[in-house]
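K.L.:
Pasting a structure here, questions to come.
Residue numbers (our numbering), protein chains in the order written: chain A, 112 to 654; chain B, 8 to 369.
See the structure below:
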């Protein structure tokens with residue numbers, strides 16, 4: 112038999128045929144490669160959360176190799192001299208070892224912590240984007256609910272995570288957590304002693320938090336994130352309105368190669384930023400806090416930022432204890448309301464919002480086009496109200512630091528927070544609502560009368576008028592130009608948005624050629640729109 | 008300046024024969040997209056092959072990748088050779104973590120920017136439109152699936168044979184409980200074992216000696232150890248008294264000035280705690296009745312004790328009554344006296360519940 116010549120160039124093709132013979136993937140793969148994604152900077156916020164989560168998994172696995180989740184008392188003999196000879200829990204000792212006796216351990220620990228903060232921040236900002244653009248509307252309510260749950264599960268992941276080192280700061284946090292559980296009516300003491308395995312702090316809570324933090328919660332997060340992404344994929348991404356964009360299509364780029372390449376690059380950038388932060392910015396220096404001792408605390412003990420709003424609500428809560436005079440007498444402590452009831456209400460309201468809004472507006476249609484925040488003033492105002500509420504609480508979570516740094520009375524800060532919590536959100540609602548209406552009106556005004564050119568003309572009768580550049584050609588209207596309809600997207604409001612200024616010729620560091628001054632003179636009001644405006648483009652090149 | 012390659016969409020065209028040798032590769036790509044209801048309406052190369060712009064961008068991307076290589080190599084070199092072990096003072100080890108983070112960050116950022124530049128600048132810009140098929144409900148599919156499921160339900164015959172359903176439920180309910188039982192049963196812990204929520208380390212054993220107040224290092228405390236207006240954190244003088252095993256026991260022993268002490272005694276008498284103080288000394292639980300943090304910031308001038316966690320403030324001269332903040336309950340007072348050897352002892356355990364509040368506390 113003659114030996115056939117080995118053709119290297121044909122190998123990939125043959126292998127591909129072989130794979131397709133067995134798995135029949137050619138057509139599904141084509142569909143995947145071809146899938147169209149709309150592009151806008153605000154669609155990248157959720158990805159920051161996703162990428163931080165990947166970094167969390169990577170760095171977290173590293174940390175588990177060295178962390179010892181035990182509360183056994185040991186005497187520290189590691190290389191951090193100031194704590195040598197101090198009795199502490201094995202968890203704290205091994206956290207110190209990660210920081211001082213594991214090569215590169217500190218950078219990993221700090222990256223893990225920063226990635227966690229970034230994860231939560233990206234979730235919140237992404238959520239705001241989805242809310243203010245109405246992306247949560249039918250058919251995407253389920254994904255909104257999953258997203259809200261991701262915040263709370265991430266919250267738990269963060270809390271169980273920063274409790275693990277068992278240092279002075281996190282132990283105080285645990286103590287407060289135990290008090291919160293205690294405050295639940297009827298079952299509080301049973302819940303607490305069951306979770307802590309006896310009276311606080313017991314000897315088992317770190318091991319329990321550890322398994323929750325490295326297995327149960329990440330498992331839940333992975334499951335929720337998978338469904339979240341799967342639904343985005345299945346339901347296709349929303350898009351901004353614009354030329355050629357309808358409720359029934361997706362205008363953008365196919366996933367491969369350019370879109371995927373940009374995603375890959377963006378992942379690296381997020382990873383890189385976390386690495387820079389993990390190396391350059393110190394976070395949670397547990398060796399300064401010392402081991403947890405129930406009688407030691409320092410001022411300015413703040414939790415991580417995403418927990419601070421609950422700390423704030425706890426601080427603002429008046430001392431309203433509700434006694435229940437039955438039998439021996441019972442009591443509902445004031446701690447119960449801001450730490451158990453409030454989060455419960457927040458979870459309920461936020462997850463149910465899509466249905467509440469649809470019910471209010473009697474809106475049963477599917478929406479794939481986003482709304483600019485100004486076009487839904489009531490929703491935008493509700494969002495602003497929620498943000499204001501959150502910000503007042505978060506600031507109140509740091510009110511002792513603010514009072515200290517700005518030399519304000521601490522009690523005044525608390526009262527400001529209490530009053531602010533009631534006054535600022537409605538104010539935010541009103542102001543936002545009016546702003547939205549104002550912006551809407553201005554859009555319509557420009558569409559009807561054109562862009563202000565800044566050119567003042569004197570009329571024969573002595574009046575002065577400003578020349579406006581109309582946005583559309585004359586349609587036989589009395590005033591010489593037609594009126595455009597608002598289509599839900601950015602209206603150009605400056606002359607250089609209409610091409611009155613040529614684009615800069617870009618160089619490496621600075622423009623090689625800057626645009627000349629706008630060629631306007633009173634006699635010759637400027638310019639037509641540049642011809643390429645007629646094309647179907649992404650609709651953003653003007654922005 | 009830029010060249011546009013417009014591909015007008017011939018709507019309603021027959022599918023192309025993809026084996027036609029006259030087709031270019033792009034024709035086949037576009038045909039594939041069409042079969043997925045995607046129309047590539049705009050496809051515009053950003054740089055033309057062989058131009059100066061292309062060469063420049065290629066150099067930029069390559070430059071980024073080389074920076075990555077350099078930074079990653081630097082990371083490895085630093086990781087291996089830089090002195091990393093902790094030493095007091097300002098040794099080189101202080102820069103170990105920043106250098107690792109910096110080199111790693113630069114390596115990752117550069118590869119990221121390289122890929123981004125490649126994707127954003129070198130690949131053609133495109134606009135594609137994909138149909139969502141929104142609102143095109145597959146009524147027939149719904150009918151078929153719905154009928155199939157109903158058919159299956161019919162075949163199971165739960166309606167005709169209700170006993171099956173009932174017995175299945177009756178069988179499965181305990182199974183669910185079986186799944187929950189080990190978890191609940193294993194975790195549950197009686198909170199009132201040994202009356203633990205109502206006692207502290209100061210509870211003397213039955214008929215035993217009164218418990219001494221000791222410092223953090225275990226030494227007992229004499230009245231002369233605290234100057235007027237001063238305060239000291241004390242613990243029960245028992246085994247493990249100074250540890251988290253008795254997290255409810257830390258106590259603040261305060262030496263009040265004469266006038267404050269008189270006021271304090273009057274307040275004590277009002278609520279029947281007349282003999283809780285010893286001289287000008289009063290002892291209050293350090294564990295905040297709000298959330299359990301140590302209320303440890305004592306302001307001498309106002310005799311207020313502040314908890315740094317949620318800013319509850321307690322007026323020591325008025326039985327540690329909460330005067331501001333979220334706490335609703337006084338700090339419990341420990342009745343104290345001085346024993347025959349001149350050391351502080353607790354006359355008894357706290358007479359009120361120490362620590363954060365809970366349902367069955369009263």
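Every residue, glycine too, gets a C-beta built ideally from N, C-alpha and C.
In chain order, what are the residue ranges of uninterrupted beta strand (DSSP E) at least 3 long that sit wholly in the segment 430-464 of chain A?
P.N.:
433-435 and 441-443
K.L.:
To the nearest angstrom, report how far apart residue 260/A and residue 422/A are at their CA atoms.
P.N.:
Walking along the first chain from the start, residue 260/A turns up at place 149. Walking along the first chain from the start, residue 422/A turns up at place 311. Cα to Cα, the separation comes out at about 20 Å.
K.L.:
Closest to residue 293/A by CA distance: which of 204/B, 186/B and 126/B is it?
P.N.:
Locating residue 293/A in the first chain gives position 182, where the first residue counts as 1. For residue 293/A, the nearest C-alpha among the options comes from 204/B.
K.L.:
With a floor of 3 residues, list each beta strand (DSSP E) that falls wholly inside the segment 113-140 of chain A, ordered by position along the chain.
P.N.:
none
K.L.:
Quick one: Cα of residue 401/A to Cα of residue 395/A, how far?
P.N.:
Taking the first chain and counting its residues from 1, the one referred to as residue 401/A is at position 290. Taking the first chain and counting its residues from 1, the one referred to as residue 395/A is at position 284. If I take the Cα positions, the gap works out to 12 Å.
K.L.:
What in chain B is Cβ-close to residue 120/A, meaning under 7 Å?
P.N.:
Position 9 of the first chain, counted from the first residue, corresponds to residue 120/A. None at all; the shortest Cβ gap to chain B is about 16 Å.
K.L.:
Using the Cβ count rule (16 or more neighbours within 10 Å means buried), how would you classify residue 33/B?
P.N.:
Here residue 33/B is taken as the residue at index 26 of the second chain, counted from 1. A residue is called buried when at least 16 other Cβ atoms come within 10 angstroms of its Cβ; residue 33/B does not meet this threshold and is exposed.
K.L.:
Would residue 317/A pass as a contact of residue 181/A if the rule is Cβ separation under 8 Å?
P.N.:
Counting from one through the first chain, the residue named residue 317/A turns up at place 206. Counting from one through the first chain, the residue named residue 181/A turns up at place 70. Yes, these two residues count as a Cβ contact at 8 Å.
K.L.:
Using 8 Å as the cut-off, can you tell me whether the segment 245-256 of chain A makes contact with the segment 179-196 of chain A, which would need three or more C-beta pairs spanning the two stretches below that distance?
P.N.:
The segment 245-256 of chain A vs the segment 179-196 of chain A: no contact.
K.L.:
Counting pairs of beta carbons, one from the segment 315-332 of chain B and one from the segment 402-410 of chain A, are three or more of them closer than 8 Å?
P.N.:
yes
K.L.:
For residue 441/A, which residues in chain B fall below 9 Å Cβ to Cβ?
P.N.:
Position 330 of the first chain, counted from the first residue, corresponds to residue 441/A. Chain B residues near residue 441/A: 366, 367, 368 and 369.
K.L.:
Within 8 Å (strictly less), CB to CB, does residue 529/A reach chain B?
P.N.:
If you number the first chain from 1, residue 529/A lands on position 418. No, because no Cβ of chain B sits closer than 8 Å to the Cβ of residue 529/A.
K.L.:
At a Cβ cut of 7 Å, what residues of the segment 166-184 of chain A count as close to chain B, listed as they run along the chain?
P.N.:
none
K.L.:
Residues of chain A with CB closer than 8 Å to the CB of residue 174/B, please, in chain order.
P.N.:
Taking the first residue of the second chain as position 1, residue 174/B is located at position 167. Result: empty, since nearest Cβ-Cβ is about 33 Å, beyond 8 Å.
K.L.:
Measuring straight from C-alpha to C-alpha, what distance separates residue 378/A and residue 339/A?
P.N.:
The residue given as residue 378/A occupies position 267 in the first chain. The residue given as residue 339/A occupies position 228 in the first chain. Using only the alpha carbons, I get a separation of about 18 Å.
K.L.:
Pick helix, strand or coil for residue 482/A, following the three-state DSSP scheme.
P.N.:
Translated into the one-based positions of the first chain, residue 482/A becomes position 371. Coil, per DSSP.
K.L.:
Under a CB-based cut-off of 8 Å, is residue 123/A close to chain B?
P.N.:
Locating residue 123/A in the first chain gives position 12, counting from the first residue. For residue 123/A, the closest Cβ of chain B is not nearer than 8 Å.
K.L.:
Would you check if the distance between the CB atom of residue 547/A and the CB atom of residue 488/A is smaller than 8 Å?
P.N.:
The sequence position of residue 547/A within the first chain is 436, counting from 1. The sequence position of residue 488/A within the first chain is 377, counting from 1. Result yes, Cβ atoms of residue 547/A and residue 488/A sit closer than 8 Å.
K.L.:
Can you pull the chain B residues whose beta carbon is under 7 Å from the beta carbon of residue 287/A, in chain order?
P.N.:
Locating residue 287/A in the first chain gives position 176, where the first residue counts as 1. Those are 298, 299, 300 and 316, listed as they occur along chain B.
K.L.:
Nearest chain A C-beta to residue 104/B closer than 8 Å, yes or no?
P.N.:
By 1-based counting over the second chain, the position of residue 104/B is 97. Taking Cβ atoms only, chain A reaches closer than 8 Å to residue 104/B, which makes this a yes.
K.L.:
What are the boundary residues of the alpha helix (DSSP H) that residue 241/A is part of?
P.N.:
On the first chain, position 130 is the one that residue 241/A refers to. Element bounds for residue 241/A: 216-243.
K.L.:
Cβ atoms of residue 292/B and residue 284/B: under 8 Å apart, would you say?
P.N.:
Here residue 284/B corresponds to residue number 277 of the second chain, with the count starting at 1. Here residue 292/B corresponds to residue number 285 of the second chain, with the count starting at 1. Contact: no.
K.L.:
Could you check whether the Cβ of residue 194/A sits closer than 8 Å to any Cβ belonging to chain B?
P.N.:
Against the first chain, residue 194/A aligns to sequence position 83. For residue 194/A, the nearest beta carbon of chain B is not closer than 8 Å to its own beta carbon.
K.L.:
Quick check: residue 352/A and residue 526/A, are their CB atoms within less than 8 Å of each other?
P.N.:
Residue numbering aside, residue 352/A sits at position 241 when the first chain is read from its first letter. Residue numbering aside, residue 526/A sits at position 415 when the first chain is read from its first letter. Not a contact, by the Cβ cut-off of 8 Å.
K.L.:
Using beta-carbon positions only, say whether residue 363/B and residue 296/B come within less than 8 Å of one another.
P.N.:
Looking up residue 363/B in the second chain gives position 356. Looking up residue 296/B in the second chain gives position 289. In contact: residue 363/B and residue 296/B (Cβ atoms closer than 8 Å).
K.L.:
Ignoring anything shorter than 3 residues or poking outside the segment 109-145 of chain B, list the beta strand (DSSP E) runs there in chain order.
P.N.:
132-138
K.L.:
Around the C-beta of residue 337/A, are 16 or more other C-beta atoms found within 10 angstroms, so that it is buried, or is it exposed?
P.N.:
Here the question's residue 337/A lines up with position 226 in the first chain. Exposed: under 16 other Cβ atoms inside 10 Å.
K.L.:
Since residue 353/B and residue 209/B are thought to touch, with beta carbons under 8 Å apart, how far apart are those beta carbons, to the nearest angstrom?
P.N.:
Translated into positions along the second chain, residue 353/B becomes position 346. Translated into positions along the second chain, residue 209/B becomes position 202. Confirmed, about 4 Å.
K.L.:
DSSP three-state label for residue 325/B, please.
P.N.:
On the second chain, position 318 is the one that residue 325/B refers to. Reduced to three states, the DSSP call for residue 325/B is helix.
K.L.:
Is residue 251/B close to chain A? Criterion is C-beta to C-beta, closer than 8 Å.
P.N.:
Along the second chain, one-based indexing puts residue 251/B at 244. Answer yes: the Cβ-Cβ gap between residue 251/B and chain A drops below 8 Å somewhere.
K.L.:
At 7 Å on the CB atoms, spell out the chain A contacts of residue 139/B, in chain order.
P.N.:
Counting from 1 along the second chain, the entry for residue 139/B is found at position 132. Near residue 139/B (Cβ distances below 7 Å), the residues of chain A are 347, 359, 360, 361 and 479.
K.L.:
Grouping DSSP H, G and I as helix and E and B as strand, with all else coil, what is residue 338/B?
P.N.:
Numbered from 1 along the second chain, position 331 holds the residue referred to as residue 338/B. Reduced to three states, the DSSP call for residue 338/B is coil.
K.L.:
From the DSSP output, which residues share a beta bridge with residue 200/A?
P.N.:
Your numbering for residue 200/A matches position 89 in the first chain. DSSP output for residue 200/A lists 184/A as bridge partner(s).
K.L.:
Which first and last residues belong to the beta strand (DSSP E) in which residue 351/B is found?
P.N.:
Taking the first residue of the second chain as position 1, residue 351/B is located at position 344. Taken as a continuous stretch (DSSP letters only), the beta strand (DSSP E) holding residue 351/B covers 351-353.
K.L.:
Determine whether the Cβ of residue 496/A lies closer than 8 Å to any Cβ atom of chain B.
P.N.:
Translated into positions along the first chain, residue 496/A becomes position 385. No, no contact with chain B.
K.L.:
Contact between the segment 506-514 of chain A and the segment 444-463 of chain A is defined here as three or more beta-carbon pairs at a separation below 8 Å; is this criterion met?
P.N.:
no
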